[in-house]
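For reference, the structure discussed in these notes is given below.
Residue numbers (the working numbering): 2 to 205.
Written out as C-alpha coordinates, the structure reads:
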(Lines of atoms letter the chains of each structure in order from A and count residues from 1; the text may use other names and numbers.)
(Lines give C-alpha, C1' and ligand atoms only; values in the text may rest on other atoms or scores of the structure.)
Protein backbone atom coordinates (compact mmCIF):
# COMPACT_ATOMS: atom_id res chain seq x y z
CA UNK A 1 0.00 0.00 0.00
CA UNK A 2 2.88 2.38 0.83
CA UNK A 3 4.43 1.66 -2.57
CA UNK A 4 1.13 2.39 -4.39
CA UNK A 5 0.72 5.62 -2.42
CA UNK A 6 4.28 6.68 -3.30
CA UNK A 7 3.72 5.95 -7.00
CA UNK A 8 0.50 7.99 -6.92
CA UNK A 9 2.34 10.97 -5.40
CA UNK A 10 5.08 10.75 -8.06
CA UNK A 11 2.45 10.60 -10.83
CA UNK A 12 0.73 13.68 -9.44
CA UNK A 13 4.03 15.55 -9.41
CA UNK A 14 4.93 14.51 -12.97
CA UNK A 15 1.49 15.04 -14.49
CA UNK A 16 0.94 18.30 -12.60
CA UNK A 17 4.29 19.76 -13.60
CA UNK A 18 2.85 21.23 -16.76
CA UNK A 19 0.63 23.47 -14.65
CA UNK A 20 3.63 25.40 -13.31
CA UNK A 21 3.83 28.79 -15.04
CA UNK A 22 6.96 30.79 -15.73
CA UNK A 23 7.44 34.16 -14.09
CA UNK A 24 6.13 36.90 -16.39
CA UNK A 25 3.82 34.57 -18.34
CA UNK A 26 0.23 35.52 -19.19
CA UNK A 27 -2.70 33.14 -19.67
CA UNK A 28 -6.27 33.61 -20.86
CA UNK A 29 -8.97 31.35 -19.45
CA UNK A 30 -12.57 31.03 -20.69
CA UNK A 31 -14.62 29.47 -17.91
CA UNK A 32 -18.20 28.64 -16.96
CA UNK A 33 -20.00 27.06 -14.05
CA UNK A 34 -22.77 27.14 -11.49
CA UNK A 35 -23.80 29.46 -8.65
CA UNK A 36 -25.51 28.73 -5.35
CA UNK A 37 -26.63 32.10 -4.04
CA UNK A 38 -28.51 33.24 -0.95
CA UNK A 39 -29.93 36.58 0.14
CA UNK A 40 -30.15 37.85 3.69
CA UNK A 41 -33.69 37.29 5.02
CA UNK A 42 -34.41 34.67 2.32
CA UNK A 43 -34.53 31.09 3.57
CA UNK A 44 -33.49 29.15 0.45
CA UNK A 45 -30.57 29.04 -1.97
CA UNK A 46 -31.05 29.78 -5.65
CA UNK A 47 -29.13 27.86 -8.31
CA UNK A 48 -27.80 29.84 -11.25
CA UNK A 49 -25.02 29.96 -13.82
CA UNK A 50 -21.95 32.01 -14.65
CA UNK A 51 -19.61 32.33 -17.62
CA UNK A 52 -16.85 34.62 -18.80
CA UNK A 53 -13.13 35.04 -19.36
CA UNK A 54 -10.16 35.57 -17.05
CA UNK A 55 -6.61 36.81 -17.64
CA UNK A 56 -3.78 35.87 -15.26
CA UNK A 57 -0.28 37.31 -14.93
CA UNK A 58 2.36 35.22 -13.15
CA UNK A 59 4.34 37.69 -11.01
CA UNK A 60 6.57 35.15 -9.25
CA UNK A 61 6.76 31.37 -9.00
CA UNK A 62 4.07 31.40 -6.32
CA UNK A 63 2.13 34.63 -6.84
CA UNK A 64 -0.09 35.72 -9.69
CA UNK A 65 -2.68 38.43 -10.32
CA UNK A 66 -5.86 37.75 -12.26
CA UNK A 67 -8.80 39.79 -13.51
CA UNK A 68 -11.99 38.51 -15.10
CA UNK A 69 -15.22 39.58 -16.71
CA UNK A 70 -18.03 37.22 -15.67
CA UNK A 71 -21.78 37.19 -16.34
CA UNK A 72 -23.44 35.80 -13.22
CA UNK A 73 -27.02 34.75 -12.43
CA UNK A 74 -27.57 35.27 -8.68
CA UNK A 75 -30.33 36.06 -6.19
CA UNK A 76 -32.28 34.01 -3.71
CA UNK A 77 -35.50 32.17 -2.89
CA UNK A 78 -37.99 32.43 -0.06
CA UNK A 79 -40.82 30.11 0.92
CA UNK A 80 -42.69 31.41 3.93
CA UNK A 81 -46.37 31.51 4.94
CA UNK A 82 -47.32 29.67 1.76
CA UNK A 83 -45.82 32.25 -0.62
CA UNK A 84 -42.92 31.30 -2.88
CA UNK A 85 -40.72 34.19 -3.99
CA UNK A 86 -37.68 34.09 -6.29
CA UNK A 87 -35.49 37.14 -6.81
CA UNK A 88 -33.40 36.60 -9.95
CA UNK A 89 -30.51 39.08 -10.29
CA UNK A 90 -28.02 39.16 -13.15
CA UNK A 91 -24.66 40.90 -12.74
CA UNK A 92 -21.51 41.55 -14.71
CA UNK A 93 -18.84 40.70 -12.12
CA UNK A 94 -15.24 41.92 -12.29
CA UNK A 95 -13.23 39.77 -9.83
CA UNK A 96 -9.63 40.89 -9.26
CA UNK A 97 -7.74 38.14 -7.44
CA UNK A 98 -4.36 37.52 -5.88
CA UNK A 99 -3.48 33.84 -6.34
CA UNK A 100 -0.95 32.01 -4.17
CA UNK A 101 0.38 28.70 -5.50
CA UNK A 102 0.90 26.77 -2.29
CA UNK A 103 3.41 24.08 -3.31
CA UNK A 104 4.81 24.69 -6.81
CA UNK A 105 7.36 21.88 -6.51
CA UNK A 106 4.84 19.26 -5.39
CA UNK A 107 1.39 20.32 -6.65
CA UNK A 108 2.06 23.25 -9.00
CA UNK A 109 -1.58 23.63 -9.98
CA UNK A 110 -2.97 24.19 -6.48
CA UNK A 111 -3.71 27.82 -5.55
CA UNK A 112 -5.55 29.67 -2.79
CA UNK A 113 -6.98 33.05 -3.72
CA UNK A 114 -8.62 36.18 -2.40
CA UNK A 115 -9.55 39.53 -3.86
CA UNK A 116 -12.21 42.13 -4.53
CA UNK A 117 -15.19 42.04 -6.86
CA UNK A 118 -17.15 45.04 -8.11
CA UNK A 119 -20.36 44.04 -9.89
CA UNK A 120 -22.85 45.84 -12.11
CA UNK A 121 -26.51 44.83 -12.18
CA UNK A 122 -27.93 44.21 -15.65
CA UNK A 123 -31.47 42.98 -14.95
CA UNK A 124 -33.58 41.76 -12.07
CA UNK A 125 -36.87 39.89 -12.01
CA UNK A 126 -39.08 38.82 -9.13
CA UNK A 127 -41.39 35.81 -9.28
CA UNK A 128 -44.12 35.37 -6.69
CA UNK A 129 -46.76 32.64 -6.87
CA UNK A 130 -46.21 32.17 -10.61
CA UNK A 131 -46.29 35.88 -11.50
CA UNK A 132 -42.99 37.20 -12.91
CA UNK A 133 -42.09 40.87 -13.30
CA UNK A 134 -39.10 43.12 -13.85
CA UNK A 135 -38.14 44.71 -10.52
CA UNK A 136 -37.52 48.20 -11.94
CA UNK A 137 -40.96 48.14 -13.59
CA UNK A 138 -42.47 47.02 -10.28
CA UNK A 139 -40.82 49.95 -8.50
CA UNK A 140 -42.27 52.34 -11.09
CA UNK A 141 -45.76 50.93 -10.57
CA UNK A 142 -45.33 51.40 -6.82
CA UNK A 143 -44.18 54.98 -7.32
CA UNK A 144 -40.62 54.21 -6.21
CA UNK A 145 -37.51 55.32 -8.14
CA UNK A 146 -35.39 52.72 -9.98
CA UNK A 147 -32.47 53.78 -7.81
CA UNK A 148 -34.14 52.02 -4.83
CA UNK A 149 -32.21 48.91 -5.87
CA UNK A 150 -28.50 49.51 -6.26
CA UNK A 151 -26.97 49.12 -9.72
CA UNK A 152 -23.58 48.45 -8.12
CA UNK A 153 -22.52 45.69 -5.76
CA UNK A 154 -19.25 44.90 -4.03
CA UNK A 155 -18.09 41.58 -2.63
CA UNK A 156 -14.95 39.82 -1.40
CA UNK A 157 -14.24 36.49 -3.15
CA UNK A 158 -12.09 33.82 -1.46
CA UNK A 159 -11.40 30.29 -2.65
CA UNK A 160 -9.06 27.80 -4.23
CA UNK A 161 -8.36 26.28 -7.63
CA UNK A 162 -6.50 23.36 -9.13
CA UNK A 163 -5.06 23.23 -12.64
CA UNK A 164 -4.35 19.94 -14.41
CA UNK A 165 -3.12 19.96 -18.00
CA UNK A 166 -4.51 23.47 -18.54
CA UNK A 167 -7.95 22.50 -17.20
CA UNK A 168 -8.83 24.55 -14.10
CA UNK A 169 -11.39 23.68 -11.43
CA UNK A 170 -12.15 26.78 -9.35
CA UNK A 171 -14.32 27.09 -6.21
CA UNK A 172 -15.07 30.44 -4.56
CA UNK A 173 -17.23 31.99 -1.89
CA UNK A 174 -18.24 35.54 -2.75
CA UNK A 175 -18.98 37.41 0.48
CA UNK A 176 -21.47 40.21 -0.13
CA UNK A 177 -20.38 43.53 1.39
CA UNK A 178 -22.63 46.25 -0.01
CA UNK A 179 -26.39 46.47 0.49
CA UNK A 180 -28.71 45.69 -2.40
CA UNK A 181 -31.45 48.14 -1.45
CA UNK A 182 -30.90 51.77 -0.53
CA UNK A 183 -32.50 52.78 2.74
CA UNK A 184 -34.27 49.43 3.15
CA UNK A 185 -32.11 47.81 5.81
CA UNK A 186 -29.38 45.26 5.26
CA UNK A 187 -29.68 42.77 2.42
CA UNK A 188 -26.61 41.19 0.87
CA UNK A 189 -26.05 38.42 -1.66
CA UNK A 190 -23.57 35.65 -0.77
CA UNK A 191 -22.62 33.25 -3.56
CA UNK A 192 -20.86 29.87 -3.77
CA UNK A 193 -19.38 29.65 -7.25
CA UNK A 194 -17.83 26.62 -8.98
CA UNK A 195 -16.35 26.91 -12.48
CA UNK A 196 -14.42 24.83 -14.98
CA UNK A 197 -12.02 26.60 -17.34
CA UNK A 198 -9.18 26.06 -19.78
CA UNK A 199 -5.97 28.12 -19.85
CA UNK A 200 -4.36 29.32 -23.07
CA UNK A 201 -0.89 30.86 -23.13
CA UNK A 202 -1.06 34.44 -24.36
CA UNK A 203 1.67 36.11 -26.43
CA UNK A 204 2.15 39.89 -26.24
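C-beta atoms are modelled at their ideal positions from N, C-alpha and C, and glycine is treated no differently. Just so you know, these numbers come straight off a predicted model, no measurement behind them.
Of all the options 32, 195 and 94, which has the alpha carbon lying nearest to the alpha carbon of residue 157?
Considering only 32, 195 and 94, the residue with the shortest C-alpha distance to residue 157 is 94.
Closest by CA to residue 208, which one among 200, 31, 85 and 183?
Since the displayed the chain opens at 2 and closes at 205, residue 208 lies outside it and no answer follows.
Less than 8 Å between C-beta atoms, sequence neighbours within five positions excluded: which residues of the same chain meet that for residue 33?
Result list for residue 33: 50, 51, 52, 53, 196, 197 and 198, in chain order.
Complete beta strand (DSSP E) runs within the stretch 49-91 (minimum length 3 residues, chain order):
Runs of the beta strand (DSSP E) spanning 3 or more residues and lying entirely within the stretch 49-91 occur at 64-81, in chain order.
Quick check on DSSP: helix, strand or coil for residue 141?
Helix.
Residues in its own chain within less than 7 Å of residue 29 by CB, not counting five upstream and five downstream?
Once the five neighbours on either side are set aside, the close Cβ partners of residue 29 are 54, 56, 201 and 203.
So does the stretch 77-96 actually touch the stretch 117-132, counting three or more Cβ pairs closer than 8 Å?
Enough Cβ pairs lie closer than 8 Å, so yes.
Identify the residues that DSSP records as bridge partners of residue 32: which are they?
Paired residue(s): 53 and 198.
Are the Cβ atoms of residue 110 and residue 163 separated by less than 8 Å?
In this structure, residue 163 lies closer than 8 Å to residue 110 by Cβ.
Mark residue 38 as exposed unless 16 or more other C-beta atoms lie within 10 angstroms of its C-beta, in which case mark it buried.
Counting the other CB atoms within 10 Å of its CB gives residue 38 a total of 16 or more, which places it among the buried residues.
Within its chain, find whatever has a CB closer than 6 Å to the CB of residue 192; leave out the 5 residues flanking it on each side and keep chain order.
Excluding positions up to five away in sequence, the list reads 36, 38, 75 and 175.
Beta-carbon contacts of residue 124 that lie in its chain and below 6 Å, excluding the five residues immediately before and after
The residues are 91.
Can you give the Cα-Cα distance for residue 170 and residue 122, rounded to whole angstroms?
Rounded to whole angstroms, residue 170 to residue 122 spans 26 Å at the Cα level.
If I measure Cβ to Cβ from residue 187 and keep anything under 7 Å in the same chain, skipping five residues before and after, which residues do I get?
So the list reads 41 and 180, once near-sequence residues are dropped.
Please state the DSSP three-state secondary structure of residue 95.
Coil at residue 95, not helix or strand.
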